[in-house]
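Working notes, structure below.
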Amino acid sequence: MPKIISDFMLHARELAVRGHGFVEPNPMVGCVLVNDQNKIVGTGYHEKCGEAHAEINALNAAGPLAKGATAYVTLEPCNHQGKTGPCAQALIDAGISKVVIGCADPNLEAAGGGTYLATNGVEVVYIDDELCKTILAPFLHRIRTGFPWVICKWAQTADGYIETPEGEDPWISCEGSQQLVHEERGRVDAIIVGIGTVVADNPSLTVRNAEAHRTPLRVIVDPTLRLPHNSTVLDGEVPTLIAHGKNVDKTAFTNYPVSFLELPEVDGSLDLRPLLTHLVNKYDATNVIVEGGKTLFEHIFNQQLANELWIFTSQRTIGNENLKNMTQLFNAWDCILENKQPCGNDLVCRYHVK
Ligand code: AOF
Ligand code: ZN
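Counted the way the numbering used here counts, the sequence shown spans residues -15 to 338.
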């Protein structure tokens, strides 16, 4: 039975996501080469920033079998000399006859590969694939807005509480869920929390029991600089940034291994936009996780900066109205469910914010 486009593009997408945590700030890209018998002759993906692009890895895997083949590639082949050479030219040189492109490249420096291929006798088909765009969303968002992709992550009880009564087990999500969070921490560029969370929980905000493909910057949003001097985030183990408001006295922190960023105010809270721009410009950030607390989530909601919600819901119930609850705020977010799966006793949901 002949294969259809979507099968090969599906394969290319599966390859692309293997680059998560390794390729950023570059996009995740996958490529599948198929001959006229609908047989795959080579596959590849962009494995690491600065190294070969997806098409080059696929062409190398196919060798001479690439001649006459169709390339299914999740992103438009590049047309520039960056850290590596232009993929469009490499596809032409290898004798590729047709290129099916999942998504156009919005990076003006690299774009134009589709047109270049077409003017050099290669059949080019753009399929404008929604799933390719989902994989590329953080890259596309960063190029369009200058902000990193913001993932708001929290663990809640079945009735929406993110806080537990004093004296009770403080863990809401199960160990498996916490493991997932650490794995994702090892693939993102920053972990952001509000000062309330640091004061209440004294978190480490590091990657533990999981591979750190990159070391996320710790970011504390602390308007009045009330960070306790014995906080674990001051241990110098990984780079740490304190984002604060105007007129704070930093002298007491002179000897601590942290950087500072002053933020202006907007509507009575810190304006988080200059923080996000700073994370892109200074730290080349593509993905950041915000891990609470509720006040910071509220500011992110009000400033419309969230791109994704990643919610772990346990089976526990609390029913104590004095504790922090996310139900109302979550309901106000205009988002669509992208993925829902169990993890131990928890339910893990990913929502894309519209
Ligand atoms: C492709 N295939 O697999 C990727 C592309 O500095 P460079 O040479 O690595 O180029 C990075 C830019 O190339 C990146 O911003 C994006 O526009 C494009 N990425 N293009 O043909 C790939 N990763
Ligand atoms: Zn390329």
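Don't be surprised by glycine CBs; every beta carbon is placed ideally from N, CA and C.
- Boundaries for residue 247: no alpha helix (DSSP H) harbours it, and the DSSP string shows neither H nor E there.
- In the DSSP annotation of this structure, residue 214 is not part of any alpha helix (DSSP H), being labelled neither H nor E.
- Residue 211 sits away from residue 227, with the two beta carbons spaced by 8 Å or more.
- CA-CA distance, residue 11 to residue 123, rounds to 6 Å.
- With a threshold of 7 Å, the Cβ atom of residue 125 does not count as near the ligand ZN, since no heavy atom of the ligand is closer than that.
- The beta carbon of residue 318 sits closer than 6 Å to those of 338, all from its chain and outside the five residues before and after it, given in chain order.
- Residue 144 and residue 92 have their C-alpha atoms roughly 43 Å apart.
- DSSP, reduced to helix, strand and coil, places residue 191 outside both helices and strands of the structure shown, so it counts as coil.
- Residue 116 has its CB no nearer than 7 Å to any heavy atom of the ligand ZN.
- Within a 10 Å sphere around the beta-carbon of residue 1 sit fewer than 16 other beta-carbons, which makes this residue exposed.
- Residues lining the ligand AOF by the Cβ criterion, that is a Cβ closer than 6 Å to any of its heavy atoms, are 10, 11, 13, 30, 37, 38, 39, 59, 61, 62, 66, 67, 68, 71, 89, 91, 94 in chain order.
- For residue 326, the beta-bridge partners assigned by DSSP are 331.
- For residue 179, the closest alpha carbon among the candidates 199, 191, 208 is that of 208.
- Between residue 135 and residue 291 a beta carbon distance of about 7 Å is seen, short of the 8 Å cut, so the two are scored as contacting.
- For residue 197, same chain residues with a beta-carbon under 7 Å away, outside a window of 5 residues either side, are 5, 6, 170, 171 in chain order.
- Under the three-state reduction of DSSP output, residue 292 falls in the strand class.
- Pairing residue 57 with residue 88 gives a Cβ-Cβ distance that is not under 8 Å.
- With a cutoff of 8 Å on beta-carbon distance, residue 194 and residue 167 are scored as near each other.
- A distance of 8 Å or more separates the beta carbons of residue 101 and residue 59.
- The secondary-structure analysis by DSSP pairs residue 202 across a beta bridge with 175, 224.
- Per DSSP, the continuous alpha helix (DSSP H) segment holding residue 98 begins and ends at 97 to 103.
- The region 297 to 311 makes contact with the region 139 to 153, as at least three CB pairs between them are under 8 Å.
- For residue 267, the enclosing alpha helix (DSSP H) covers residues 257 to 267.
- In the structure shown, residue 336 adopts extended strand secondary structure according to DSSP, grouped into three states.
- Residue 301 holds the alpha-carbon nearest to the alpha-carbon of residue 330 among 312, 301, 316.
- The alpha-carbon separation between residue 201 and residue 263 amounts to approximately 9 Å.
- If you compare the alpha carbons of 296, 223, 320, 303 with that of residue 328, the shortest gap goes to 296.
- If only complete runs of 3 or more residues are kept, the region 43 to 102 shows the beta strand (DSSP E) at 54 to 57, 82 to 85, in order along the chain.
- Annotated three-state conformation of residue 239 is coil, per DSSP.
- Burial check for residue 281: the Cβ neighbour count within 10 Å reaches 16 or more, so the residue is buried.
- Using a 10 angstroms sphere on the CB of residue 162, the tally of other CB atoms reaches 16 or more, which defines it as buried.
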